[in-house]
Amino acid sequence: MNQFIHPDFKLNGKSFSYIELLSEALYLKENGQLFEKNIGKFILEWLNNESFVFVQTSGSTGKPKKIVLQKTAMMASAKATGSFFNLQPKTKALLCLSADYIAGKMMLVRAITLGLHLDTVEPNSNPLENKKYDFVAMVPMQVANSLDQLHLVETLLIGGTKVSYQMTESILKTNCQAFESYGMTETISHIAIKQIGAKPFTILPHVSISVDERNCLVIEALELSPNKISTNDIVEILNETQFILKGRIDNVINSGGVKIFPEEVEEKLAKYISTPFFVASLPDEKFGEKLVLVLEGKSFEIENAIFSELSKFQIPKEIVFVDKFMETETNKINRRKTLEKLA
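This is the structure we're talking about:
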């Protein structure tokens, strides 16, 4: 399986032969901290004689489950990312995400496949340690706590959940080239990327897109999957390589026959609300569903001015406060469970 290890690959400053990397992975699995054990377990799985790996989904849109991904497809994904960002051998990269999930696993695959010099740190809210990197992937929570250190990062890839308006404004004030990713475990991490501040996503090489009868995105990428991947994300396709994400079909609210995209409402409100929030629906006798604004924390006075950019159908019929949002294991807001808690 030596073909899986690029000769320029380094892990925490050390080069490895196939046998040496197996030995290092076994040591990490048995003796490392929890995050290192996860790294060790995945490397051992990556280097075994099987053609596939098992990957856990995050559970942000349904019940978490294990799925099978082909190693050749993961390598193809790594090469597509490398092509998009021009990641050359010896590029200095940082793994600060859990190797339990696809984003962390793919940082390891990119490093091994492309010959990156990869450092690993414990996944936490502030992972940068005053060291410069060419390429780093983070979730928004980590970015929010690292804004004063983003000058250390040349290219930042943000995934896991949507980047807020406030975070976008803060990132644009730095000299970091930051990008937001679109993807899921089933697409082997991201298949489309957009620069922070831009609206349309641009697909990666060897990916083609279309929509189904629901106007939901359909992804075709034979190098990643032999089958087309149908999503629940409603999109507007601009051309062969770009699309605008409008929202998830399972989040769409039908209030009195009017379809409302919560994500569009949230994007408009984000300019005025700094506390964590989301827009959802609750049952309503008159309209079937009513639009509600859900905020985290203690209640406070809401000024009507924050609704100035909304149409009359987009203005929430009710505002509710929740002490603490429910989250998935990957720190995404779990809307469904939060609403269940509210009920």
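Take 1 as the starting number for the sequence shown in full-length UniProt numbering and just add one per residue. Just so you know, even glycine gets a beta-carbon here, dropped at the ideal spot from N, CA and C. Keep in mind it's a predicted model, so treat the numbers as computed, not measured.
Could you have a look at residue i and say whether DSSP puts it in helix, strand or coil?
| i | result |
| --- | --- |
| Ala103 | helix |
| Thr241 | coil |
| Gly13 | coil |
| Arg214 | coil |
| Gly183 | strand |
| Ser189 | strand |
| Thr155 | strand |
| Leu329 | According to the sequence displayed, residue 329 carries Glu and not Leu. Residue state, collapsed to three classes: coil. |
| Leu44 | helix |
| Ser77 | helix |
| Thr168 | helix |
| Glu340 | helix |
| Asp323 | coil |
| Thr231 | strand |
| Ala178 | strand |
| Lys162 | coil |
| Glu223 | coil |
| Ser146 | coil |
| Ala198 | coil |
| Ile203 | strand |
| Lys71 | helix |
| Ser51 | coil |
| Ile209 | strand |
| Lys66 | strand |
Distance, Cα to Cα, residue i vs residue j?
| i | j | result |
| --- | --- | --- |
| Ser225 | Gly183 | 14 Å |
| His206 | Ser230 | 17 Å |
| Thr187 | Glu301 | 42 Å |
| Ile253 | Leu291 | 7 Å |
| Asp134 | Met74 | 22 Å |
| Cys216 | Ile234 | 4 Å |
| residue 349 | Phe313 | Outside the shown range of the chain, which is 1 to 343, sits residue 349, and nothing can be said about it. |
| Gln142 | Lys29 | 25 Å |
| Gly247 | Arg335 | 14 Å |
| Asn86 | Glu240 | 22 Å |
| Leu114 | Lys341 | 45 Å |
| Glu296 | Ala78 | 37 Å |
| Asn49 | Ala280 | 46 Å |
| Gly13 | Leu116 | 10 Å |
| Asp119 | Ala111 | 10 Å |
| Phe52 | Ser15 | 25 Å |
| Ala76 | Tyr101 | 18 Å |
| Ser83 | Lys90 | 15 Å |
| Lys332 | Glu223 | 29 Å |
| Asp284 | Ala305 | 25 Å |
| Thr275 | Ala221 | 38 Å |
| Val121 | Leu11 | 11 Å |
| Gly256 | Lys194 | 35 Å |
| Ile244 | Val109 | 28 Å |
| Leu172 | His151 | 12 Å |
| Met107 | Glu318 | 42 Å |
| Lys66 | Lys105 | 14 Å |
| residue 418 | Tyr272 | For residue 418 there is no data in the structure shown, the boundaries of the chain being 1 and 343. |
| Asn38 | Glu236 | 38 Å |
| Pro4 | Met138 | Note on identity: in this sequence residue 4 is Phe, with Pro being the wrong assignment. So the two alpha carbons sit approximately 25 Å from each other. |
| Val265 | Val322 | 19 Å |
Quick one: measure Cβ to Cβ for residue i and residue j, integer angstroms, because I've assumed they're closer than 8 Å.
| i | j | result |
| --- | --- | --- |
| Gln177 | Glu154 | 6 Å |
| Gly197 | Thr174 | 12 Å between Cβ atoms; not a contact. |
| Ala270 | Gln166 | 7 Å |
| Pro262 | Phe287 | About 15 Å separates the two Cβ atoms, so there is no contact after all. |
| Ser98 | Phe35 | 7 Å |
| Glu282 | Pro316 | Rather than Glu, the amino acid found at residue 282 in this sequence is Leu. Not quite, the Cβ-Cβ distance comes to about 10 Å (not below 8 Å), so this is no contact. |
| Lys268 | Glu309 | 4 Å |
| Val163 | Pro140 | 6 Å |
| Thr57 | Thr185 | 4 Å |
| Leu147 | Ser181 | Between Ser181 and Leu147 the Cβ distance is about 19 Å, and since that is not below 8 Å, they are no contact. |
| Ala232 | Ile249 | The question names Ala, but residue 232 in the sequence shown is Asn. About 5 Å; that satisfies the 8 Å criterion. |
With a threshold of 7 Å (Cβ to nearest heavy atom), would residue i be considered close to the ligand HEM?
| i | result |
| --- | --- |
| Leu26 | Summarising the ligand content, the structure contains no ligands, and the ligand HEM is consequently not present. |
Would you check if there are 3 or more beta carbon pairs closer than 8 Å linking the stretch 127-147 to the stretch 94-103? yes
So does the stretch 148-168 actually touch the stretch 190-207, counting three or more Cβ pairs closer than 8 Å? yes
Would you be able to state if there are at least three C-beta pairs under 8 Å between the stretch 40-57 and the stretch 5-22? yes
Run through the stretch 79-135 for me and flag every whole beta strand (DSSP E) of 3 or more residues, listed as ranges in chain order. 92-95, 117-120
Let me know the alpha helix (DSSP H) ranges lying completely inside the stretch 245-318, each 4 residues or longer, listed in chain order. 262-269
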